[in-house]
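Number of protein chains: 2
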Amino acid sequence: MRTETSRFKDYIETKGLYFTPERQCIAEEVFSNHKHLDAEELLKILKTKGSKASRATVYRTLDLLVESGLVDKIDLGDGRAAYEHTAGHTHHDHLICIKCGSVEEFEEPLIEQLQDWACEKAGFKATGHNLNIYGYCRSCNATQ
Amino acid sequence: MRTETSRFKDYIETKGLYFTPERQCIAEEVFSNHKHLDAEELLKILKTKGSKASRATVYRTLDLLVESGLVDKIDLGDGRAAYEHTAGHTHHDHLICIKCGSVEEFEEPLIEQLQDWACEKAGFKATGHNLNIYGYCRSCNATQ
DNA sequence: CCCTTATTGAGAATATATCTCAATTTTAAT
DNA sequence: ATTAAAATTGAGATATATTCTCAATAAGGG
Numbered sequence: 001m002r003t004e005t006s007r008f009k010d011y012i013e014t015k016g017l018y019f020t021p022e023r024q025c026i027a028e029e030v031f032s033n034h035k036h037l038d039a040e041e042l043l044k045i046l047k048t049k050g051s052k053a054s055r056a057t058v059y060r061t062l063d064l065l066v067e068s069g070l071v072d073k074i075d076l077g078d079g080r081a082a083y084e085h086t087a088g089h090t091h092h093d094h095l096i097c098i099k100c101g102s103v104e105e106f107e108e109p110l111i112e113q114l115q116d117w118a119c120e121k122a123g124f125k126a127t128g129h130n131l132n133i134y135g136y137c138r139s140c141n142a143t144q
Numbered sequence: 145m146r147t148e149t150s151r152f153k154d155y156i157e158t159k160g161l162y163f164t165p166e167r168q169c170i171a172e173e174v175f176s177n178h179k180h181l182d183a184e185e186l187l188k189i190l191k192t193k194g195s196k197a198s199r200a201t202v203y204r205t206l207d208l209l210v211e212s213g214l215v216d217k218i219d220l221g222d223g224r225a226a227y228e229h230t231a232g233h234t235h236h237d238h239l240i241c242i243k244c245g246s247v248e249e250f251e252e253p254l255i256e257q258l259q260d261w262a263c264e265k266a267g268f269k270a271t272g273h274n275l276n277i278y279g280y281c282r283s284c285n286a287t288q
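Here the protein sequences line up with chains L and A, keeping their order. According to this note's numbering, the first sequence is numbered sequentially starting from 1. According to this note's numbering, the second sequence is numbered sequentially starting from 145.
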């Protein structure tokens with residue numbers, strides 16, 4: 001069975017780049033983690049695990065992961081971005097709590113379809129999109 | 145006929161705040177401009193028109209305008225935000241060209257509805273949302 | 001092993017936006 | 001008009017996220 005990391009290795013090598021220990025380490029962490037990680041969080045986790053990958057390398061590798069299609073970048077709306085691997089997920093959008101910061105996912109295939117139609121009508125070639133809804137999650141809404 | 149600026153004045157005064165010359169000047173510029181302005185652009189325009197409103201005041205007033213509902217804030221996806229007045233516009237989403245930076249609008253009422261349903265299902269109280277599609281606009285796509 | 005090219009880390013740089021606080025302006029009450 | 005209380009302002013400091021720079025290092029092919 002092919003791991004996500006080995007898919008990333010293929011992507012890297014197909015581009016004529018090097019699959020370095022740093023890149024491996026970062027990729028493995030992203031693929032093993034099921035939360036929505038932001039870059040600084042990821043950097044911290046890597047440090048506790050003994051990786052010496054620098055901030056610059058983390059950001060650079062995240063860009064490569066997104067480019068490969070194995071990872072999605074989510075705009076958190078406050079200047080930060082989160083990353084999540086796409087393996088086994090169909091596309092989904094996000095409900096972002098502006099109080100506790102939690103990120104919930106929701107799926108609505110029809111929305112995707114409507115977006116495609118809108119692009120087609122406008123002669124727009126989409127490379128990605130971001131649908132975030134900001135507000136209060138169930139539990140923050142209750143205690144508000 | 146009520147101008148958007150006078151509506152903003154009402155909003156400000158209803159909150160017990162002062163409708164200052166700076167706020168008037170900023171509001172008028174936003175309401176008279178039909179493009180998607182970012183804060184720095186707006187600041188530059190105001191300077192050329194002789195306003196001495198500072199950066200801090202521009203940002204603060206934009207927040208008030210958004211709060212009033214007369215202006216929408218659009219996350220441009222690169223860390224910046226753009227602002228557009230809502231007068232005479234129904235809600236719409238954006239096609240953002242990652243080559244030339246143009247922002248096109250599209251409307252799809254059904255998408256709004258599907259979002260509302262998703263929130264309801266999740267017990268999520270939305271305060272705002274952002275649907276941006278990134279890619280190449282018709283003309284950039286042609287010359288690419 | 002050597003050469004070329006890619007990658008890395010450390011810290012500087014950039015960019016957007018927010019915060020601080022003393023000075024000023026606004027409004028309403030005298 | 002004066003005045004007092006409260007809101008607002010500007011200038012610059014600060015915060016935060018991300019990108020850039022560049023010399024040193026590592027990777028892989030011949």
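Idealized CB from N, CA, C, for every residue including glycine.
Check: For L64 of chain L and L42 of chain L, the rounded distance between their alpha carbons; Outcome: 15 angstroms
Check: Contact list for D75 of chain L against chain A, beta-carbon separation under 9 angstroms; Outcome: D219, G221, N274, N276
Check: Neighbouring residues, chain A, relative to T127 of chain L (Cβ below 8 angstroms); Outcome: I242, Y278, G279, Y280
Check: Boundaries of the alpha helix (DSSP H) in which A197 of chain A is found, first to last residue; Outcome: Looking at the DSSP string, A197 of chain A is not in any alpha helix (DSSP H), and its letter there is neither H nor E.
Check: Within 9 angstroms, strictly: CB atoms of R7 of chain L and D38 of chain L; Outcome: no
Check: Three-state secondary structure (DSSP) of E249 of chain A; Outcome: strand
Check: 9 angstroms Cβ cutoff met for Y59 of chain L and C97 of chain L; Outcome: no
Check: Beta-ladder partner(s) of K243 of chain A, from DSSP; Outcome: In DSSP, K243 of chain A forms no bridge with anything.
Check: Length of the line joining the Cα atoms of I170 of chain A and L190 of chain A; Outcome: 7 angstroms
Check: Paired residues, beta bridge with D219 of chain A - DSSP; Outcome: A:A225
Check: Rounded separation between E107 of chain L and A270 of chain A - CA only; Outcome: 16 angstroms
Check: N-terminal and C-terminal residue of the alpha helix (DSSP H) that K188 of chain A is part of; Outcome: 183 to 192
Check: Minimum Cβ-Cβ distance from G123 of chain L to chain A less than 9 angstroms; Outcome: yes
Check: Three-state class that DSSP yields for K153 of chain A in the structure shown; Outcome: helix
Check: Cβ of C169 of chain A within 9 angstroms of any chain L Cβ; Outcome: no
Check: Proximal residues of chain A, C-beta to C-beta of N141 of chain L below 9 angstroms; Outcome: G267, F268, K269
Check: Neighbourhood of T205 of chain A by C-beta distance below 6 angstroms, restricted to the same chain and skipping five residues each side; Outcome: R167, I170
Check: Cβ distance (whole Å) where D72 of chain L is taken to contact T86 of chain L below 8 angstroms; Outcome: 6 angstroms
Check: Exposure label - A56 of chain L; buried when at least 16 CB within 10 Å; Outcome: exposed
Check: Counted within 10 angstroms of its Cβ, other Cβ atoms place A82 of chain L as buried (16 or more) or exposed; Outcome: buried
Check: Cβ distance (whole Å) where H236 of chain A is taken to contact N276 of chain A below 8 angstroms; Outcome: H236 of chain A to N276 of chain A, Cβ: 11 angstroms. No contact.
Check: Positions along the region 184 to 199 of chain A whose CB lies within less than 8 angstroms of some CB in chain L; Outcome: none
Check: Assumed close pair N141 of chain L, N274 of chain A - CB separation to whole angstroms, cut-off 8 angstroms; Outcome: About 20 angstroms; that fails the 8 angstroms criterion.
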